[in-house]
């Protein structure tokens, strides 16, 4: 979130939307950490999501990409969820006790893939799910409020986003005017979670689709999760249908 970002010397990084592109040529994982604006308490259940993707597909031994949480910036105490691309495994590691768990992945992701972390405060069990594969670990260490976000890499280049709330509201779209005015449609959509990748606008001639990207649409952020969409009507079309999607890689 700004001035308190700490980056290990071995890690090269550049900004992407809501996250970072990481490169570390060394075999030892190197990390970037920053303070979370909305921390997670370990005394209550919580869920969070994030996206990651590798920048390469020809994987060799030692390649790792990590999302991390902690109650401090101490690297050895971070709780890490990630992919060991070299071993083909989904992994969880708890820094304070060195506890770990891993399961094989049927297929390694080659594009942005959503991962979720679910924590049960009663059992202290943390579950990491990605692409239909789950791995769980009971945290044996004592953790305060998880106020630190981290991401890291070893022997590879990849991208990791900051955490977002995976739950989405049931009603996102507010209709102001879907009647064409001066040859254009205008409407708004509100998203109350964290829009990691920003909204996408798609259109179709049937409510059931197929929907295709609306290359002519103008998307404006009005603040507070409210977006305004303006797009020209299709000349001669009898019907026009629109779909707005959020958090889609």
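Numbering (our numbering), first residue to last: -11 to 237.
Think of the CB as a built atom: it goes at the ideal place given N, C-alpha and C, for glycine as much as any other residue.
This one's a predicted model, so the numbers in the text were calculated from it and none came from an experiment.
Please classify residue i: does DSSP put it in a helix, a strand, or coil?
| i | result |
| --- | --- |
| residue 63 | helix |
| residue 168 | strand |
| residue 157 | Summary for residue 157: the model assigns pLDDT 48, below 50, so the residue's position carries little reliability; its value from the coordinates is reported in the next sentence. In the structure shown, residue 157 sits in coil (DSSP, three-state: anything other than H, G, I, E or B). |
| residue 188 | strand |
| residue 95 | coil |
| residue 144 | strand |
| residue -2 | coil |
| residue 199 | coil |
| residue 22 | strand |
| residue 208 | strand |
| residue 33 | coil |
| residue 3 | strand |
| residue 90 | strand |
| residue 56 | strand |
| residue 44 | coil |
| residue 150 | coil |
| residue 231 | strand |
| residue 28 | strand |
| residue 71 | strand |
| residue 307 | Residue 307 is absent from the model: the chain starts at -11 and stops at 237. |
Exposed or buried, what is residue i when buried is set at 16 or more other beta-carbons lying within 10 Å of its beta-carbon?
| i | result |
| --- | --- |
| residue 122 | exposed |
| residue 158 | With a pLDDT of only 47 at residue 158, under 50, the local geometry of the prediction cannot be trusted, and no value is derived from it. |
| residue 82 | buried |
| residue 196 | exposed |
| residue 5 | exposed |
| residue 97 | buried |
| residue 68 | buried |
| residue 45 | exposed |
| residue 52 | buried |
| residue 201 | exposed |
| residue 26 | exposed |
Pull up the CB-CB distance for residue i and residue j, whole angstroms please, since I reckon it's below 8 Å.
| i | j | result |
| --- | --- | --- |
| residue 55 | residue 103 | 7 Å |
| residue 143 | residue 15 | 5 Å |
| residue -2 | residue 22 | So it is not a contact: roughly 18 Å between Cβ atoms. |
| residue 40 | residue 151 | Contact flag wrong, Cβ pair sits at about 12 Å. |
| residue 11 | residue 145 | 4 Å |
| residue 135 | residue 24 | 5 Å |
| residue 233 | residue 188 | 5 Å |
| residue 79 | residue 86 | At roughly 13 Å, the Cβ-Cβ gap does not stay under 8 Å, so residue 79 and residue 86 are not in contact. |
Work out the CA separation of residue j and residue i for me, nearest whole Å.
| i | j | result |
| --- | --- | --- |
| residue 218 | residue 230 | 11 Å |
| residue 109 | residue 32 | 5 Å |
| residue 66 | residue 58 | 5 Å |
| residue 64 | residue 84 | 7 Å |
| residue 92 | residue 76 | 6 Å |
| residue -11 | residue 227 | Model confidence at residue -11 stands at a pLDDT of 42, short of 50, so the residue's coordinates are unreliable; what they give is reported in the following sentence. Cα to Cα, the separation comes out at about 44 Å. |
| residue 71 | residue 192 | 37 Å |
| residue 168 | residue 198 | 22 Å |
| residue 225 | residue 214 | 28 Å |
| residue 184 | residue 99 | 15 Å |
| residue 88 | residue 62 | 18 Å |
| residue 212 | residue 179 | 8 Å |
| residue 220 | residue 132 | 52 Å |
| residue 106 | residue 128 | 16 Å |
| residue 119 | residue 38 | 12 Å |
| residue 172 | residue -4 | 50 Å |
| residue 138 | residue 111 | 24 Å |
| residue 239 | residue 223 | With the chain covering only -11 through 237, there is no way to say anything about residue 239. |
| residue 246 | residue 8 | Since the first and last residues shown for the chain are -11 and 237, residue 246 lies out of range. |
| residue 170 | residue 3 | 39 Å |
| residue 1 | residue 13 | 12 Å |
Looking at residue i and the ligand ATP, is the gap between the Cβ and the nearest heavy atom below 7 Å?
| i | result |
| --- | --- |
| residue 190 | Among the ligands in the structure shown, none appear at all, so the ligand ATP cannot be discussed. |
Beta strand (DSSP E) runs contained entirely in the segment 100 to 141, provided each spans 3 or more residues
Runs found: 101 to 108, 113 to 118, 121 to 126.
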